[in-house]
Each structure stands twice: as C-alpha cells, then as structure tokens.
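Trainee: After the structure tokens below, expect a handful of questions from me.
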Amino acid sequence: MAEPKIKVKDLTVSFRTNQGMVRAVRGVDFEIAEGETLAIVGESGSGKSVTSRTIMGILAGNGVIDKGEIIYENQDLTKIHEEDFHRLRGNKIGMIFQDPMSSLNPIMKIGKQITEGMLVNGKRLKNREKAIIHKIRMRYLNAKNERRHEVAKFKEARKALKQQGLTEALQDLVEEHNQKMLEYKERIKKAKIELKPARRNAHKQVMDEWKTEKARINEEISRVKAKLEGASPEQSKAVKSEIEDLKESLRRFKKVTRREATERALKVMEEVGIPEPKKRLKQYPFQFSGGMRQRIVIAIALTADPDVLICDEPTTALDVTIQAQILELIKKLKEERKLTVIFITHDLGVVANMADRIAVMYAGKIVEIGTAIEVFYNPQHPYTWALLSSMPDLESKERLFAIPGTPPNMLFPPKGDAFADRNPYALKIDFEKEPPFFKISDTHYAATWLLHENAPKFEMPDIVRGRIARMTQAEDKRSEVSK
Amino acid sequence: MAQETPVLSVRGLKQYFKSGFGKNKLIVRAVDDVDFDIYRGEVFSLVGESGCGKTTTGRTIIKLYDPTDGEVFFMGKRISAGYLSLKQGIKALKKKMKDEIAEIKKNDPSNQDAINKLKAETEEKINVLKEEIQARKEDMANVDVDLMKKVQMIFQDPIASLNPRMTVKEIIAEGLRIAGEKDNDVILKKVNGVLETVGLLPEHASRYPHEFSGGQRQRIGIARALVVSPEFIIADEPISALDVSIQAQVINLLNDLREELSITIMFIAHDLSVVKYFSDRIGVMYYGKLVELADKEELFKNPLHPYTRSLLSAVPMPDPNYEKQRKRIKYDPSTTHDYRNDPPSLHEIKKGHFVYANQAELESYKKQLVK
C-alpha cells in the first residue's frame with residue numbers, strides 16, 4: 026500500500042466531566058489510503074463521532090487528547106498549532122454533519138451560506154501576506170506554545186516531588202526549569218524581533234504587487250476607453266462590458282468577490298444535483314426538502330476543494346429513496362474528485378454500499394477491521410455478529426437477536442473486553458484481560474479471545490451463518506447469469 | 102391469518118390542510134382518497150417516503166385530526182368521518198337545479214308546475230345529503246369511549262412523546278383514568294402488569310422518563326398504549342428514532358405482544374426490510390395516494406407500480422457484492438404516467454393485490470403478472 030493519507034495511531038480521547046473523566050476513545054489505530062472509503066460502524070456512544078471530530082480538530086471544550094497521533098501530510102494533527110490547523114480544517118479536510126436542519130442557519134439564504142466561507146477566506150492580499158511571513162510567525166508561536174507545555178510539565182513534576190518530599194531534587198528541578206525559562210525568553214524575544222520587520226516587508230511586497238497590477242489594469246482600461254470615441258452604440262456596449270470585466274479582474278486580484286463566489290457556488294450546486302441553482306440561491310433552508318438540504322451541506326463542504334471528506338451519519342435523518350440518492354452522490358463525488366472518505370454510520374446496510382474497508386467500534390475501541398467483503402462474509406467478533414443479527418434483511422424470518430443490556434459506562438471502563446457483559450460467547454478471560462488484535466488475513470483483524478488458539482471453538486450464530494449462505498448463493502447465481 | 106371481517110375499514114379518506122388566504126391560499130392534500138381494510142390479528146404496514154401522508158393517515162384514523170372527507174369504521178361502527186364530498190354534492194345539485202329552471206323558463210315561462218316539481222325533487226335529494234352530514238357530525242362529536250380506547254397509538258419519538266414531569270406510573274395510568282378508572286389499587290395492579298408485559302420492572306414505575314434509555318422509553322410508550330387493553334394499535338415509526346441494537350428489542354417486543362395478546366397492528370415505517378420482516382400486508386403510499394397494496398410476499402415478488410419498484414430498488418442490503426451491482430430505478434410521476442384522458446383508480450389486479458392505475462396501465466400490469 027502506498028503512503029496512507031491519514032494515519033491514526035493509538036488515539037485516546039477523554040472528556041472532563043463533574044463525575045470524572047469519560048474515556049470516549051481508548052486507543053484507536055487505523056490508516057486510510059488515498060481515495061479509499063473507511064466506514065466506522067457502532068452504536069451511539071461507541072466513540073465513532075468523537076474520533077472523527079478529533080481528526081477535524083473540533084472536539085468540545087472539555088475534550089482532551091490524552092495520547093496518540095493523527096498523521097496527515099507528515100504533520101501530527103494533535104500537536105500542530107491552531108494557526109496551522111486553520112489552513113487544513115475545511116480547506117483540506119471537509120465534514121458533513123448528521124442533521125442538515127441544524128447545521129444550516131434557518132434565517133440565512135442558501136446562497137449566502139454557501140458563499141460565506143469563500144468570502145471570509147478570500148482576502149487574497151492578506152492571505153498572501155500571511156503566507157509570506159508564515160514560517161517566521163510560526164517560529165514565534167511555536168516557541169510560545171512550547172513554553173506553555175514546559176511550564177505545565179514542570180508544575181506536574183514539582184507537585185509529584187513535593188508529595189514525595191524530595192527537597193533536593195525539587196531544588197534541582199526548579200533551577201533547571203528557571204534555566205530553561207531564560208532560554209525560552211531569549212528565543213521568544215528573538216523571534217518577536219524578527220517578526221516585526223518581516224511583517225512590514227511582507228506588507229510592502231504585497232502592496233507593491235497590488236500597485237503594479239492596479240497600474241497595469243488602469244492602463245488597459247484607458248486604452249480600451251479610447252476605442253469608445255466615435256463608436257456605434259453596439260460597439261460601445263461591448264467596450265463597456267470589457268471595461269467592467271477588467272475592473273472585476275482587478276477586484277478579484279484583491280479578494281474573492283461576491284460574483285466570483287456565486288459563480289463557484291452555482292457550479293458546486295449543479296455538481297451535487299440541485300436543479301435550478303440560480304433560483305435556489307435566494308431561498309431559505311426551510312424551503313428545501315430533507316434530501317436537498319443534505320445536498321447543500323455537501324455543497325458547502327465541497328466549495329473549498331477538500332481532499333478528505335468526513336461524513337458523520339449523513340443519511341440517518343433521511344428516508345430510503347433519498348438516502349440512496351445521497352449515497353450515490355457521495356460515491357460519485359468521491360470518484361470524480363478522488364476524495365478520501367471517512368463514513369460514520371450505525372446502519373450496516375448503508376456501509377455495504379459505500380465502504381472499501383469497515384471498522385467496527387465498541388466502547389471507544391475498534392473491535393474488528395477489514396475490507397467490506399471480509400466483515401460481511403466472514404465476521405469474527407461477537408459484537409459484529411450481534412450487529413448483523415439485530416437487523417432484518419429482506420429474507421429473514423427468524424427472531425431477531427437483540428443485544429442484551431446497555432453499553433458500559435465509560436466513566437469506569439471495564440477491565441477486560443468491554444463487550445463481555447453483553448456477550449453470550451464471553452469466556453472467563455474476557456472479564457479479566459483485554460484481547461489483543463488477532464490477525465485473520467492481511468487486511469482483517471479482530472480483537473476477541475475467541476480467535477486465540479487455546480479458545481474453545483464457537484460457531485457464529487445461526488442468523489449470521491444463514492445470511493452469509495444466502496448471500497453466497499445469490500452471488501453465485503449472479504455470476505452464473507453474467508456468464 | 103386474515104379473517105374476513107375487517108377490524109378497521111377506511112373508505113375514501115381525505116385529509117386536506119389549508120393555509121393562507123386569497124391568492125396565497127394553499128390546500129395540501131396530505132391524504133387523498135385512501136381505501137383499505139385491516140383484518141383481525143394481522144400487521145398492516147404503510148410505507149412511503151417522508152411527506153407522503155402515512156403518518157397523517159394514522160393520526161386521522163385515531164381522530165387526532167378531523168378528516169376532510171371519507172369514513173373510518175372500527176368494528177363495524179363509524180368512528181370518524183368527514184363530509185366535504187357531501188357538501189360538494191349539495192352545491193352541485195343546487196347548481197343543476199338552477200340551470201334546469203333557467204332552461205324551463207326559457208322554453209315556457211308559464212310552466213310553474215314543472216319548476217315547483219323540480220324544486221321539490223332537488224329539495225328531497227339535498228335533505229338526504231344534509232341528514233347524512235348531520236349524522237356524520239354527530240358521530241364525530243359523540244365519542245364512544247369504550248370503543249375508542251380499543252384503538253391506541255405508539256408515537257415515533259419516545260423522548261418527545263413522554264411528559265418529562267410525570268412519573269412512568271402517571272404516564273401509563275393517564276389513559277386508565279381518562280377511561281373512568283378511579284380505584285388506585287386496580288390502577289397500580291394494571292400498571293405493574295403492563296410494565297411486566299413490556300419487559301420493565303415494577304420499581305421503574307416511580308421513575309421519570311429521562312432516567313431511561315431510548316429502548317426503555319419506547320417500551321414505556323408501548324406500555325401506555327397497552328394498559329387499556331386495546332385491540333388495535335397504530336405504531337407510527339416506533340423504531341426510526343432508535344439505535345440499531347435497540348430496534349431489534351422493540352421489534353421483538355411488538356412481535357411477542359401480537360402473538361400473546363392477538364393485537365392487530367397498523368405499522369407505519371419507511372424501512373422496508375423491517376416492514377418485510379414484521380408485517381403481513383403492505384400498503385405503499387405516494388403523495389397522499391395508496392398506490393399499491395398486497396401481501397408482503399406478493400408485493401416483493403411482483404411489484405407492479407413504478408413507485409413501488411423504485412422504493413424496493415433503494416433498500417440498502419448488508420451485502421457488498423449485491424450493493425456493487427445494485428441498480429436503482431428512478432421514479433418520476435410526470436413522465437411515467439399519462440393520466441390526462443384516463444384518470445386512475447385503485448384496481449384489484451389479483452386476489453388481494455391492489456394497484457393504482459388507469460385502464461391502459463392495468464392491461465400492461467396484467468401482462469407482467471402473467472409472465
């Protein structure tokens with residue numbers, strides 16, 4: 026496999042609450058190759074949304090990344106500065122949310138909502154200035170950031186030493202810390218001094234560029250204007266529009282103009298299949314049906330040309346026909362724009378359509394990961410079995426398997442396998458020790474003790490086995506027909 | 102399975118919603134001329150996309166709305182009726198009378214006898230209609246509590262449909278109290294009994310809805326419907342708002358209840374795999390019309406109406422190989438049908454299989470059936 030687009034390593038996320046730390050994500054590992062679709066499946070509260078939000082960098086205020094890395098384009102998204110993240114979020118990594126009604130502003134026209142992001146991010150001169158001084162600025166900001174982390178680390182160490190009562194070590198520590206602080210102070214000061222003239226120079230450079238461009242355009246305009254004398258009305262009309270275009274191009278040099286943004290919005294709206302986009306631009310969200318609203322949310326995400334798209338249950342609020350349309354749309358966009366997609370859902374039927382690979386999550390951990398075919402035709406983890414057998418398909422007649430009990434309280438994560446309490450196949454070891462990942466094939470892993478060589482042999486439940494047999498039969502029939 | 106006496110029959114049910122005045126006036130035909138019967142002990146499902154009027158049908162049957170037109174019979178007694186068509190009938194009769202009188206006057210101005218006779222005849226006809234309107238109004242006004250409590254409803258959203266300031270016991274007992282039960286001991290006994298039936302414990306009775314998980318809340322909703330021992334339950338998307346693993350719990354519970362208490366259920370949903378699993382007969386609705394109605398096996402084997410086909414082709418399946426080859430059929434009523442000369446209606450094309458079509462379409466559907 027080529028270098029993965031996004032690599033998540035041992036990601037652990039908790040939320041501070043009054044009751045204590047809620048362990049929402051507990052060590053998640055996965056990789057997504059470019060142009061691939063990874064589906065994350067699980068019950069509500071299994072940590073699938075939190076994982077995606079961490080990748081987007083939009084965790085709630087009380088969320089803490091305890092450890093782990095998210096590698097995207099050789100940067101660790103958990104460590105980079107907020108300033109750097111601004112350039113990725115939305116621009117490189119886009120997101121579609123679950124409920125289109127609550128992610129759109131009800132009192133703002135659709136056109137404005139789609140163009141808003143482009144206009145806000147579209148101050149071209151300023152952006153250029155920022156880009157020129159970015160490196161120097163980041164040096165300054167990073168130094169500050171590092172100092173903050175250093176102080177936090179020092180305080181913790183001091184507390185620990187104080188509790189142990191080691192006064193000598195404490196003194197050493199304080200001294201060392203003071204030394205470091207001095208170094209930091211020097212570094213920050215230097216960076217700040219460097220920053221000021223750089224900023225001035227950048228501003229001057231950009232303004233110069235702007236002035237030359239302005240002069241060039243003005244010259245052109247005056248040349249075109251010369252044609253105006255003695256021209257027929259039709260010719261003068263053409264000349265006037267030419268002048269208008271020149272003026273517009275000058276404005277566009279400065280910033281993304283409203284006209285430019287609207288043009289782009291119309292193009293994207295057409296791409297996501299909204300009929301009569303011109304008329305639709307002037308309407309409010311309540312004038313759209315559920316499916317159309319979801320299309321607009323997708324359009325907003327696409328205006329910035331992201332290369333990773335995170336879809337957080339985009340079809341849960343929609344009915345079957347609309348759901349199928351939206352899924353087809355996402356699939357089409359994915360192929361046209363070569364998007365890498367992370368698709369989050371609790372509906373296994375939807376997943377079968379979309380995903381190249383599937384990760385099943387439970388209680389903040391991935392319990393099974395594999396290609397779509399492997400997970401559906403050869404599921405190994407009891408939780409995957411339970412999920413599969415709890416939903417009827419068009420052929421099933423037997424009693425559905427309802428997973429007993431409720432998901433564990435993540436304030437006190439269970440010691441062994443988190444699913445053991447609700448698992449009819451649980452072994453004794455499941456309650457004591459967490460199962461590691463067992464390899465089934467190169468791409469297929471599952472975390473259950475049932476796969477250990479010493480484990481007693483279990484057959485998967487009848488419902489799942491019956492369904493797989495039916496699917497295999499249907500597949501054979503189809504291949505016969507195609508022959 | 103299905104016996105011949107319908108528990109509930111719906112005849113020509115219409116539910117219109119009006120909004121605006123003058124040139125802004127808008128009439129939404131949420132349910133437009135729907136007929137069906139539901140037999141004892143069966144599960145009848147209504148499916149369709151959101152906004153097609155399936156929920157409105159359910160709510161009109163249970164008299165949460167006053168129907169615009171049509172009748173609803175429960176156990177042979179009319180429980181709900183509207184009279185728009187009768188009113189229109191009176192108007193038409195009056196207009197016809199006026200035209201005819203003008204005609205007579207033009208031919209022979211002195212023929213007063215003929216005019217009087219015509220007037221009397223029309224008067225009689227109008228009186229019959231007026232009496233019918235009066236009867237329907239009375240039926241709407243006089244609710245037979247003992248009969249109506251045999252029809253109960255389970256709502257979609259278990260969070261919104263339970264009063265957060267009432268304990269579970271109060272929520273469940275409310276129906277009993279309204280039905281006239283005053284003895285606290287009896288109420289407590291019944292509440293505990295019904296809690297057990299839906300798989301909750303008696304100690305849950307004193308708790309509030311927010312203390313329960315989604316699946317348990319939906320159980321409370323079901324218990325509330327069951328406590329007055331109904332014979333007919335309208336379940337309005339009882340599982341759409343629930344998590345996957347909990348959906349199975351609720352479906353299993355409804356299945357058990359139906360077997361143990363022999364309750365007839367009208368199931369409203371948009372998830373076709375659940376509908377196929379759970380129900381006996383299925384009605385497909387599209388924009389206020391019932392477009393197809395058949396046994397579930399028949400419907401899935403021989404879907405005739407193009408909308409049914411497009412709906413079936415959109416069902417997601419947990420099978421990646423199948424999904425790769427899936428072809429969704431698109432349905433666009435403006436190009437598929439030509440109803441200008443030949444208006445459609447609901448026809449029985451095979452025993453128990455109804456489809457909404459005009460004559461020409463009916464012929465082509467019949468050919469498909471033979472094949």
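Protein chains in written order, with my numbering: chain Y, 26 to 508; chain H, 102 to 472. Idealized CB from N, CA, C, for every residue including glycine.
For a test of the three-state rule: what should DSSP assign to ILE335(Y), helix, strand or coil?
Mentor: Reduced to three states, the DSSP call for ILE335(Y) is strand.
Trainee: May I ask you to verify whether the segment 475–485 of chain Y touches the segment 393–400 of chain H, counting CB pairs closer than 8 Å and requiring at least 3?
Mentor: Judged by Cβ distances under 8 Å, the segment 475–485 of chain Y makes no contact with the segment 393–400 of chain H, as fewer than three pairs qualify.
Trainee: Is there contact between the segment 264–277 of chain H and the segment 223–240 of chain H, where contact requires at least three CB pairs shorter than 8 Å?
Mentor: Short answer: they don't touch.
Trainee: Given that ASN87(Y) touches chain H, what residues does it touch there, using C-beta distances under 7 Å?
Mentor: Within chain H, no residue comes near ASN87(Y); the closest Cβ sits about 21 Å away, beyond 7 Å.
Trainee: Just how far apart, CA to CA, sit ARG278(H) and SER330(H)?
Mentor: So the alpha carbons of these two residues sit roughly 14 Å apart.
Trainee: Take LEU219(H) and list the residues in its own chain whose beta-carbon comes closer than 8 Å to its own, dropping the five residues that flank it on each side.
Mentor: Taken in chain order, the residues that qualify are MET198, GLU201, ILE202, ILE205.
Trainee: Quick check on VAL118(H) - is its C-beta less than 8 Å from some C-beta in chain Y?
Mentor: Note that residue 118(H) is Phe in the sequence shown here, rather than Val. No, no contact with chain Y.
Trainee: Going by the beta-carbon positions, is the gap between HIS180(H) and ILE335(H) smaller than 8 Å?
Mentor: It is worth fixing the name first, because residue 180(H) is Ile in this sequence and not His. Contact: no.
Trainee: Could you work out which residues of chain H lie near ARG503(Y), taking near to mean beta carbons separated by less than 9 Å?
Mentor: Chain H residues near ARG503(Y): ASN422, TYR423, GLN426.
Trainee: LYS406(H) versus chain Y: which residues are under 7 Å apart at the beta carbon?
Mentor: Here residue 406(H) is His; the residue named in the question, Lys, does not match the sequence. Here the premise fails: no neighbours, minimum Cβ distance about 14 Å.
Trainee: Examine chain H for any beta-carbon lying closer than 8 Å to the beta-carbon of LYS389(Y), and answer yes or no.
Mentor: Note on residue identity: the sequence assigns Gly, not Lys, to residue 389(Y). Judged by the 8 Å Cβ criterion, GLY389(Y) is not in contact with chain H.
Trainee: Are THR370(Y) and GLU393(Y) close, meaning C-beta to C-beta below 8 Å?
Mentor: Not in contact: THR370(Y) and GLU393(Y) (Cβ atoms no closer than 8 Å).
Trainee: First and last residue of the beta strand (DSSP E) that includes TYR387(H)?
Mentor: Note, TYR387(H): beta strand (DSSP E), 382–387.
Trainee: Identify which residue in ASN403(Y), MET496(Y), GLN230(Y), ASN434(Y) has its Cα closest to the Cα of GLU484(Y).
Mentor: Checked all of ASN403(Y), MET496(Y), GLN230(Y), ASN434(Y); the closest Cα to GLU484(Y) is ASN403(Y).
Trainee: Which residues in chain H sit within 9 Å of GLU141(Y), going by Cβ to Cβ distance?
Mentor: Within chain H, no residue comes near GLU141(Y); the closest Cβ sits about 28 Å away, beyond 9 Å.
Trainee: When Cβ atoms are compared, which residues of the segment 425–454 of chain Y fall closer than 7 Å to chain H?
Mentor: Residues LEU425, PHE426, ALA427, ILE428, THR431.
Trainee: For ILE218(Y), count neighbouring Cβ atoms within 10 angstroms of its own Cβ and tell me buried if that reaches 16, exposed if not.
Mentor: Exposed is the call here.
Trainee: Suppose the cutoff is 8 Å on Cβ atoms and the five residues either side in sequence are ignored; what does the same chain contact list for LYS34(Y) look like?
Mentor: Closer than 8 Å at the Cβ level, and outside the excluded window around LYS34(Y), lie ASP54, GLY93, GLU94, ILE95, ILE96.
Trainee: Expressed to the nearest angstrom, what Euclidean distance is found between the alpha-carbon atoms of MET241(H) and THR169(H)?
Mentor: Roughly 12 Å separates the two Cα atoms.
Trainee: Hey, is GLN257(H)'s beta-carbon within less than 8 Å of any beta-carbon in chain Y?
Mentor: Output row for GLN257(H): interface = no.
Trainee: Touching or not, the segment 117–137 of chain Y and the segment 301–318 of chain Y, by the rule of three or more beta carbon pairs under 8 Å?
Mentor: Result yes; three or more Cβ-Cβ pairs closer than 8 Å.
Trainee: If you draw a straight line from the alpha carbon of ALA251(Y) to that of PRO302(Y), how long is it in whole angstroms?
Mentor: Each residue's Cα considered, the two are about 39 Å apart.
Trainee: Listing by chain order, which chain H residues have their CB less than 9 Å from the CB of SER421(Y)?
Mentor: Near SER421(Y) (Cβ distances below 9 Å), the residues of chain H are SER374, LYS377, TYR378.
Trainee: Tell me whether the segment 336–346 of chain Y and the segment 115–132 of chain Y touch, counting them as touching only if at least three CB pairs, one residue from each stretch, are closer than 8 Å.
Mentor: Counting Cβ pairs under 8 Å, three or more are found: they touch.
Trainee: Looking at ALA395(H): is its Cβ nearer than 8 Å to the Cβ of GLY453(H)?
Mentor: Yes; because the gap between Cβ atoms is below 8 Å, this pair is in contact.
Trainee: Helix, strand or coil for LYS270(H) per DSSP?
Mentor: It is helical.
Trainee: Give the interface partners of PHE179(Y) over in chain H, defined as CB-CB distance under 7 Å, in chain order.
Mentor: Here the premise fails: no neighbours, minimum Cβ distance about 44 Å.
Trainee: Looking at the structure shown, is SER341(H) part of a helix, part of a strand, or coil, going by DSSP?
Mentor: Coil.
Trainee: Identify each residue in the segment 260–281 of chain H for which the Cβ-Cβ distance to at least one residue of chain Y is less than 8 Å, and report them in chain order.
Mentor: Within the segment 260–281 of chain H, no residue qualifies.
Trainee: I want to see whether chain H comes within less than 8 Å of GLU500(Y), judged by CB atoms only; does it?
Mentor: Yes, because at least one Cβ of chain H sits closer than 8 Å to the Cβ of GLU500(Y).
Trainee: Just tell me which of TRP235(Y), ALA326(Y), ILE367(Y) has its CA closest to the CA of ASN116(Y).
Mentor: Ranking the options by Cα distance to ASN116(Y), first place goes to ALA326(Y).
Trainee: Would you mind working out which of GLN189(H), THR106(H), GLY149(H) sits nearest ALA415(H), comparing C-alpha positions?
Mentor: For ALA415(H), the nearest C-alpha among the options comes from GLY149(H).
Trainee: In this structure, does DSSP put MET496(Y) in helix, strand or coil?
Mentor: Here MET496(Y) sits in helix by DSSP.
Trainee: Might you give, ordered along the chain, the residues of its own chain that have their beta carbon closer than 8 Å to the beta carbon of ASP138(H), omitting 5 neighbours on each side?
Mentor: Correct list, in chain order: PRO107, LEU109, SER110, VAL111.
Trainee: Taking only beta-carbon atoms, is HIS469(Y) less than 8 Å away from chain H?
Mentor: It does not: the Cβ of HIS469(Y) has no partner Cβ on chain H nearer than 8 Å.
Trainee: What did DSSP end up calling ALA388(Y) once you bin it into helix, strand or coil?
Mentor: It is coil, neither helix nor strand.
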